[in-house]
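S.K.:
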Amino acid sequence: MRGKTVLVVGGGSIAGRRVPRLLEAGALINLVAPEATTTLSDLAASGEIHWSAREWQPGDGADAWFVLAATDDPAVNAAVAVEAEAARTWCVRSDDAEASDAWTLAQTEFDGVTVGVSASGDPGRAAAIRDSIGAALRSGELAAPRTRGRGRGAGVALVGAGPGEADLITLRGLELLRQAEVVVSDRLAPQELLDQLADDVEIVDAAKLPYGRHTTQEQINAVMVERALEGKFVVRLKGGDGFVFGRGAEELDACLEAGVPVEVVPGLSSSIAGPAAAGIPVTERGVVHDFTVATGHVPPGPQSKVNWAALGAGNGTIVLLMAVKNRAAIAAALLEGGRDAATPVRIVENATTKNQTVRPCTLASLGETEANHPAVIVIGAVAGRGREL
Ligand code: SAH
1 MRGKTVLVVG GGSIAGRRVP RLLEAGALIN LVAPEATTTL SDLAASGEIH WSAREWQPGD
61 GADAWFVLAA TDDPAVNAAV AVEAEAARTW CVRSDDAEAS DAWTLAQTEF DGVTVGVSAS
121 GDPGRAAAIR DSIGAALRSG ELAAPRTRGR GRGAGVALVG AGPGEADLIT LRGLELLRQA
181 EVVVSDRLAP QELLDQLADD VEIVDAAKLP YGRHTTQEQI NAVMVERALE GKFVVRLKGG
241 DGFVFGRGAE ELDACLEAGV PVEVVPGLSS SIAGPAAAGI PVTERGVVHD FTVATGHVPP
301 GPQSKVNWAA LGAGNGTIVL LMAVKNRAAI AAALLEGGRD AATPVRIVEN ATTKNQTVRP
361 CTLASLGETE ANHPAVIVIG AVAGRGREL
């Protein structure tokens, strides 16, 4: 379709759905319709499509390679189709699959593969099959092996795997993971994602790297950079989002310093997704207008870079990561800063996974309440709104 003219007759919801896809494919759109949806008229106003605001007339399809007859008047659609037929131009009639020369396929794309489904003129069925195939491709259940090498050149992608459940990785993250020749993985990254990789993919378990003279982080950086310099495409898979307490910055620096091409793929962070999975919004209109994500791996005191007194004095939501061990000391610091002892708290363990557990308590009782790693601790009014899932 790139650079080819398409005549679209009718400016309603069907045209509104088809035009963006045609544009994405590079088609030049001539829309003929006395009226058009807001989306279509916006596209015309910004010059992305050409719109003749009038009824269709014979000759409109003269320079078209493809015609879409999508008016709500069957007689007009029929006339458009007859003209297209005479000009040997394929025409899709949106109102009558039987009378149509061509059908629009239900389409999906994944990792350089386009799948189009036609189901004897039953568009709902075609869409359902398209969705099943798309899901199976994305999960790896339907194999899509490449016969001519993997798609990417050498480089590194820093991919956030999401908070726990394997299907909470982004589509982009999954697509890159499928193309990886080396995967450097994290303790918190979902194991199922690794189980789906092809046998020839090298998996480096970051938790098992020998320490030697260097910290493991230096070793992770070294492995990523080395493999990329050998010409491989490396995915660094991280739990949650790699830039939230994930040392993603150091990994990015290592790649940039080595001159290795690098891409950052954000992930759903447990700091927001964890509470959400337990029915707790980190903000709520009219209740709380700010939230802070803090790490609790260093207890309050001179070593900590968190201003616990200021957090105690505020009234926003506080989300604590890596805070299971130091929860009593943190609660004490927040109380000392001025937070109410009755402030609701929820401890969300193994958020989003089948082992998710939510433990309710208050700031006063946080220290004595059971908590197991990995957990996010949500403190503030949003934690006490009673939306149990
Ligand atoms: N980069 C990650 C956070 C890494 S720090 C992210 O954006 O999610 C590790 C901490 O994240 C854990 O100690 C815990 O506090 C939290 N965490 C990660 N996954 C979790 C999960 N599934 N449930 C609860 N907390 C989780």
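Positions 1 to 389 (UniProt numbering) are the ones given, in order, by the sequence shown.
Ideal Cβ placement from N, Cα and C applies to all residues, glycine included.
Just tell me which of Lys354, Ile330, Val288, Glu284 has its CA closest to the CA of Gly301.
M.R.: Ile330
S.K.: List the DSSP bridge partners of Gln107.
M.R.: Gly116
S.K.: Which runs of the beta strand (DSSP E) spanning at least 3 residues fall entirely within the segment 9-96, listed in chain order?
M.R.: 28-32, 50-52, 66-69, 90-93
S.K.: If you compare alpha carbons, which of Gly246, Ala381, Ala44, Leu176 is closest to Val287?
M.R.: Cα-wise, what sits closest to Val287 is Ala381.
S.K.: Whose C-alpha, out of Ala276, Pro123, Gly312, is nearest the C-alpha of Ala383?
M.R.: Ala276
S.K.: Span of the alpha helix (DSSP H) holding Pro360?
M.R.: Unbroken run through Pro360 is the beta strand (DSSP E), 357-362; no alpha helix (DSSP H).
S.K.: Helix, strand or coil: which one does DSSP assign to Val159?
M.R.: strand
S.K.: Taking the alpha carbon of Gln219 as the point to measure from, which residue in Ala228, Gly231, Ala206 has its own alpha carbon closest?
M.R.: Nearest of Ala228, Gly231, Ala206 to Gln219, Cα basis: Ala206.
S.K.: Give me the Cβ distance between Trp51 and Val6, rounded to the nearest whole Å; I'm assuming they're in contact under 8 Å.
M.R.: Between Val6 and Trp51 the Cβ distance is about 13 Å, and since that is not below 8 Å, they are no contact.
S.K.: If we count the other Cβ atoms within 10 Å of its Cβ and call it buried at 16 or more, is Gly352 buried or exposed?
M.R.: Here residue 352 is Thr; the residue named in the question, Gly, does not match the sequence. So Thr352 ends up on the buried side.
S.K.: Below 7 Å CB to CB, which residues in the same chain sit around Ser271 once its five sequence neighbours on both sides are set aside?
M.R.: Val244, Val293, Val319, Leu321, Val376.
S.K.: Would you please state the rounded distance, in angstroms, between the beta carbons of Met224 and Glu251? I believe it to be under 8 Å.
M.R.: 7 Å
S.K.: Quick check: is any heavy atom of the ligand SAH less than 6 Å from the C-beta of Gly274?
M.R.: yes
S.K.: If you pair each beta-carbon of the segment 183-193 with each one of the segment 118-132, do three or more pairs fall below 8 Å?
M.R.: no
S.K.: If distances are taken between C-alpha atoms only, which option among Pro210, Ala222, Glu165 comes closest to Leu194?
M.R.: Glu165
S.K.: Answer yes or no: do Arg339 and Ile347 have a C-beta to C-beta separation smaller than 7 Å?
M.R.: no
S.K.: Thinking Val156 and Arg236 are a contact (beta carbons under 8 Å), I'd like their distance in whole angstroms, please.
M.R.: 6 Å
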